[in-house]
Amino acid sequence: MSRDNKIPITLITGFLGAGKSTFLSYILNENHGKKIAVIQNEFGESIGVETAIIVGDDGKKVQEWLEFPNGCICCTSKDDFLQSIEDLLKRKDKFDYILIESTGMGDPGQISTSLWVDEELDSPVYLDSIIAVVDCFHFEKQLENANQLKMTNTIEKVKHDTELERQIAFADVVLLNKIDLVDKTYLQNIKSKILDINSMAEIYTTERSKIDLNKVLGIKSYTPNLELIQNYLSHHKKQDSHNHNEHNHSHSNHSTNITTLYIEQVGDLDETEFNRWLGEMVYDTYKDKIYRYKGLLSINNENEKFILQGVYSTFEVQSSHIAWNKNEEKINRLVFIGESLDYNQIKSKIFIIIK
Ligand SMILES: Nc1nc2c(ncn2[C@@H]2O[C@H](COP(=O)(O)OP(=O)(O)OP(=O)(O)O)[C@@H](O)[C@H]2O)c(=O)[nH]1
Numbered sequence: 082m083s084r085d086n087k088i089p090i091t092l093i094t095g096f097l098g099a100g101k102s103t104f105l106s107y108i109l110n111e112n113h114g115k116k117i118a119v120i121q122n123e124f125g126e127s128i129g130v131e132t133a134i135i136v137g138d139d140g141k142k143v144q145e146w147l148e149f150p151n152g153c154i155c156c157t158s159k160d161d162f163l164q165s166i167e168d169l170l171k172r173k174d175k176f177d178y179i180l181i182e183s184t185g186m187g188d189p190g191q192i193s194t195s196l197w198v199d200e201e202l203d204s205p206v207y208l209d210s211i212i213a214v215v216d217c218f219h220f221e222k223q224l225e226n227a228n229q230l231k232m233t234n235t236i237e238k239v240k241h242d243t244e245l246e247r248q249i250a251f252a253d254v255v256l257l258n259k260i261d262l263v264d265k266t267y268l269q270n271i272k273s274k275i276l277d278i279n280s281m282a283e284i285y286t287t288e289r290s291k292i293d294l295n296k297v298l299g300i301k302s303y304t305p306n307l308e309l310i311q312n313y314l315s316h317h318k319k320q321d322s323h324n325h326n327e328h329n330h331s332h333s334n335h336s337t338n339i340t341t342l343y344i345e346q347v348g349d350l351d352e353t354e355f356n357r358w359l360g361e362m363v364y365d366t367y368k369d370k371i372y373r374y375k376g377l378l379s380i381n382n383e384n385e386k387f388i389l390q391g392v393y394s395t396f397e398v399q400s401s402h403i404a405w406n407k408n409e410e411k412i413n414r415l416v417f418i419g420e421s422l423d424y425n426q427i428k429s430k431i432f433i434i435i436k
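First residue of the sequence shown? That's 82 in my numbering, and the numbers climb one at a time after it.
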């Protein structure tokens, strides 16, 4: 099934109180011309969205539907996101977009991998993008608390408390919300901390999560869109003249070890060897530590540019159907976001280049 006939899913993540429900309410009440189904895996308190939740007389959550004034349909879910999606699909004629609000502590990587796998199985849905809503007023404090806990507490606690960074690491779009509560200098500082973690994300500043919906819905972050990938990669190119430490956006005042790492290499790739190498990295060397990765590749004996997309150990290399220009230098360019990534280790074995 082509993506044009599939239903897009946007996953909304964010720490407790960041403004996710405010964002959902805003979307549902905007004039977007879509019929939107909403899946939430927790109870919330904001108006509009949670009114769709029905509690059965046994106290359990029951999935229910509700017509919104602008034609939206809302539902709430059981804890299992995928089951909810399956249930939703039985009512496919009723909607053409799905929003999933993950709980404050959800792992966006797990959910996006599940959706990605479904896509491979020719599922009628596809993952459009992951949006992280960040409370910029509390961000520094939340990050600081997480880092203090990292030094002192158990592994479980650490995993729990790195969730804020992980949400940012997995995001295609970050909404820096509550800008009414901070000044410009502070905001700039927060932005650069977010870019240190994930320099691929589009960052927008918002008040009450208000944003042009064209910037957040139907943006196809996971499709092999050459323009989008080139856009993601463009600002990394400028850093390439710097030393290797610059490839890894780890700055001395940056306390997280989740970073973005950029690698480039001129020439053509042996596709089989590249797949083998990447598999080794994501299944073995950096298992569960490489979260998200994208790339623009030049494959041996192919005229077209290829695009790499990956989450954890799930990845795809697909043609963009756009050829390299005759005068263009063929440069393979990759961006990885993950934990404790070592530039030299990753680059040392990476590219099997055809002379
Ligand atoms: N000052 C200010 N308050 C905001 C803004 N956006 C949301 N809020 C408020 O922040 C509180 C939390 O917003 P929610 O939308 O409920 O946040 P949430 O992420 O859904 O929260 P949880 O579901 O508890 O994780 C609410 O009282 C909102 O009214 C903003 O831009 N500025």
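Glycine included, every Cβ here is placed at the ideal spot set by N, Cα and C.
Using CA atoms only, rank isn't needed, just tell me which of the options is closest to residue i.
i: R414; options: V347, N382 and N258; result: V347
i: K262; options: H219, I380 and N425; result: Note that residue 262 is Leu in the sequence shown here, rather than Lys. Selected option, being the one with the closest Cα: H219.
i: S315; options: I371, G360, S290 and L377; result: L377
i: I211; options: K222, I192 and K291; result: I192
i: N338; options: V215, D423 and F104; result: D423
i: T366; options: S394, V206 and D349; result: S394
i: Y207; options: I88, Y343, F355 and S429; result: I88
i: T91; options: G114, T304, Y178 and Y107; result: Y178
Would you grab the beta carbon distance between residue i and residue j for me? Rounded to a whole angstrom, and I think it's under 8 Å.
i: A250; j: I418; result: 5 Å
i: L196; j: I93; result: In fact, because the Cβ distance is near 13 Å, the residues do not count as touching under 8 Å.
i: V392; j: R373; result: 6 Å
Do residue i and residue j have their CB atoms nearer than 9 Å?
i: I275; j: L298; result: no
i: L268; j: F96; result: no
i: F176; j: I120; result: no
i: N270; j: E221; result: yes
i: E182; j: L307; result: no
i: Y313; j: V416; result: yes
i: E111; j: L294; result: yes
i: V254; j: S302; result: yes
i: I388; j: S379; result: no
i: T341; j: I278; result: yes
i: P449; j: N86; result: Absent from the model: residue 449. The displayed extent of the chain is 82 to 436, so no value can be given.
i: E288; j: K259; result: yes
Should residue i be listed as close to ligand 1, given that the test is whether its C-beta is under 8 Å from any heavy atom?
i: E288; result: yes
i: V214; result: yes
i: T395; result: no
i: E182; result: yes
i: L268; result: no
i: T440; result: Because the chain is modelled from 82 through 436, residue 440 falls outside the range shown and cannot be assessed.
i: I278; result: no
i: A99; result: yes
i: S102; result: yes
i: L92; result: no
i: F220; result: no
i: N258; result: yes
For a minimum of 4 consecutive residues, which ranges assigned as the alpha helix (DSSP H) are wholly contained in the segment 351 to 375? Runs found: 352 to 361.
Just list the alpha helix (DSSP H) runs in the segment 212 to 297, keeping only unbroken ones of 4 residues or longer that don't cross its boundaries, in chain order. You should have 220 to 233, 236 to 242, 244 to 251 and 265 to 278.
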